[in-house]
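Colleague:
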Amino acid sequence: MSRPSAKVIAHSEAPNGEQLITLEIELHRFVLPENNTHRSFSRNYASSRACPVTSQLEQVANDPAMPVHWGKNQSGMVADKELSGMERKLAEMIILGMRDACLNGVKQLAELGLHKQVSNRYIEPWLWTKGVITTTKDEFDAFFRLRCHKDAQPEIKLLAERMRDAINSSVSVKLKVGDYHLPYIECYKPLGSGKQVFPVGNGTSEVYSLENAVKISTSCSAQVSYRRLDTSLEKALKIYDMLNLPSNGEFSDEPGHFSPTEHQAKVVDVTDGYMSSGNFHSKVFWQYRKALESGTENKFLTN
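Under our numbering, residues -2 to 300 are what the sequence shown spells out, in order.
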């Protein structure tokens, strides 16, 4: 599918019918602020501070993020009619001309040795950005009511429609109390066993421990910010350690990076006093971040 795009990474349903969904999306960088106004979303995105200048320059040169609707200027926030004919062609030429000037400038900045956290900013209007989003079905529906509306900015409207289509085409995995929602992790339940198993794959019968499965899921959610996906345990443990997360309530003097731990959740009984869903606003999905912050991750990892 052309960009903007959306695909379901994990889709879980608790016994009470609540659904938790993780999407991987690609969107116009210039509508990312609007997407981030939805506070119920747990999200991680590719970072201009982390992506190499060369790869960003290549993307902007070969596949720039361009408007999907060439609206005519009018009062208010909504453009009803579009530019057409020569006016539209000229508008596109002007935008691409500005793109070319910025590409040339950023190349010069890179040659001077300016860090990517500065130089990459000047090509952001033409960047596509990749992200991982997790929230409940109810919260996604609230997002769609606002962003699939005819008055929404066309670029975020198209993204929202493709997110909605991806979810509507997905079948939820039914979970029981004690089961886990772990994006980027395969799992199954052997016959006669009530517990999830997390296969390593690659034609082997090996399985990951629950703790390592959670760490791989966390790592993959973090990797979207700066690299291509690497699901290996070795890479996962390295990145997990770099996040500087607490252990048993003990926090390091260095700041922790918690956002990648918001995509993992455990299904608990609604009466479980340890449960905290954070921004999910859920009765049954206990968010991994909340377990880490409260020093109860050992209970989270017990099934």
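Built from N, CA and C at the ideal position, the CB exists for glycine as well.
In this text the structure is predicted, and so the values were computed from the model without any measurement.
Given a threshold of 16 other Cβ atoms within 10 Å of its Cβ, counted over all protein chains shown, does I164 qualify as buried or as exposed?
Modeller: Here residue 164 refers to the residue found at position 167 of the sequence shown. That one is buried.
Colleague: Please say whether A233 and S216 have beta carbons closer to each other than 8 Å?
Modeller: Counting from one through the sequence shown, the residue named residue 216 turns up at place 219. Counting from one through the sequence shown, the residue named residue 233 turns up at place 236. Yes. Within cutoff.
Colleague: With H, G and I counted as helix, E and B as strand and the rest as coil, what does DSSP make of F282?
Modeller: Here residue 282 is taken as the residue at index 285 of the sequence shown, counted from 1. When DSSP states are grouped into helix, strand and coil, F282 belongs to the strand group.
Colleague: Check this for me: beta carbons of T153 and E23, under 8 Å apart or not?
Modeller: As a first step, residue 153 is located in the sequence shown; it is residue number 156 there, counting from the start. As a first step, residue 23 is located in the sequence shown; it is residue number 26 there, counting from the start. One detail in the question is off: residue 153 reads as Ile in this sequence, not Thr. It is not a contact, given that the beta carbons lie outside the stated cut-off.
Colleague: Rank Y181, L100 and V174 by C-alpha distance to the C-alpha of I18 and give the top, closest one.
Modeller: Stepping through the sequence shown from its first residue, residue 18 is reached at position 21. Of the candidates Y181, L100 and V174, the one whose C-alpha sits nearest the C-alpha of I18 is Y181.
Colleague: Per DSSP, H25 is paired with what?
Modeller: Translated into positions along the sequence shown, residue 25 becomes position 28. In DSSP, H25 forms a bridge with W125.
Colleague: How should M160 be labelled, buried or exposed, when 16 other C-beta atoms within 10 angstroms of its C-beta is the threshold for buried?
Modeller: Looking up residue 160 in the sequence shown gives position 163. The residue in question, M160, is buried, as its Cβ has 16 or more Cβ neighbours within 10 Å.
Colleague: On the DSSP bridge assignment, give the partners of E79 in chain order.
Modeller: The sequence position of residue 79 within the sequence shown is 82, counting from 1. The partner list for E79 (beta bridge, DSSP) reads G68.
Colleague: Starting from the Cα of P61, find the closest Cα among C48, W123 and N33 and give me that residue.
Modeller: In the sequence shown, counting from the first residue as 1, residue 61 sits at position 64. The residue with the shortest Cα to Cα distance from P61 is W123.
Colleague: Which residues in the same chain have their Cβ closer than 7 Å to the Cβ of T228, if we skip the five residues on either side of it in sequence?
Modeller: The residue you call residue 228 lines up with position 231 of the sequence shown. Taken in chain order, the residues that qualify are Y181, I213 and C217.
Colleague: Quick one: using the 10 Å Cβ neighbour count with 16 as the cut-off for buried, is T299 buried or exposed?
Modeller: For this step, residue 299 is matched to residue 302 along the sequence shown. That one is exposed.
Colleague: Report the start-end ranges of each alpha helix (DSSP H) in the stretch 149 to 205 that is 4 residues or longer and not cut off at the edges.
Modeller: 151 to 165
Colleague: Report, in whole angstroms, the separation of the C-beta atoms of S273 and E15, which I expect to be a contact under 8 Å.
Modeller: Your numbering for residue 273 matches position 276 in the sequence shown. Your numbering for residue 15 matches position 18 in the sequence shown. The pair is not a contact, with the Cβ atoms about 15 Å apart (cut-off 8 Å).
Colleague: So I213 is in the alpha helix (DSSP H); what residue range does that whole segment cover?
Modeller: Here the question's residue 213 lines up with position 216 in the sequence shown. Unbroken alpha helix (DSSP H) run through I213: L207 to Q220.
Colleague: Please report the straight-line C-alpha distance between L93 and K69, rounded to a whole angstrom.
Modeller: Residue numbering aside, residue 93 sits at position 96 when the sequence shown is read from its first letter. Residue numbering aside, residue 69 sits at position 72 when the sequence shown is read from its first letter. So the alpha carbons of these two residues sit roughly 18 Å apart.
Colleague: What is the DSSP secondary structure of A107, counted as helix, strand or coil?
Modeller: Translated into the one-based positions of the sequence shown, residue 107 becomes position 110. Residue state, collapsed to three classes: helix.
Colleague: Under a three-way DSSP split, which group does T34 fall into?
Modeller: As a working note, residue 34 is residue 37 in the sequence shown. Note: T34 maps to coil in three-state DSSP.
Colleague: Does the stretch 242 to 249 come into contact with the stretch 279 to 294, if we say contact requires no fewer than three beta-carbon pairs (one atom in each stretch) closer than 8 Å?
Modeller: In this structure the stretch 242 to 249 lies against the stretch 279 to 294, because at least three pairs of beta carbons, one per stretch, are closer than 8 Å.
Colleague: For A98, which three-state DSSP category applies?
Modeller: Residue 98 sits at position 101 when you count from the first residue of the sequence shown. Note: A98 maps to helix in three-state DSSP.
Colleague: Have a look at S190, P187, I120 and P196 and flag the residue whose alpha-carbon is nearest the alpha-carbon of L179.
Modeller: In the sequence shown, counting from the first residue as 1, residue 179 sits at position 182. Ranking the options by Cα distance to L179, first place goes to P196.
Colleague: Which of helix, strand or coil does DSSP assign to K4?
Modeller: Taking the sequence shown and counting its residues from 1, one reaches residue 4 at position 7. In this structure, K4 counts as strand in the three-state DSSP scheme.
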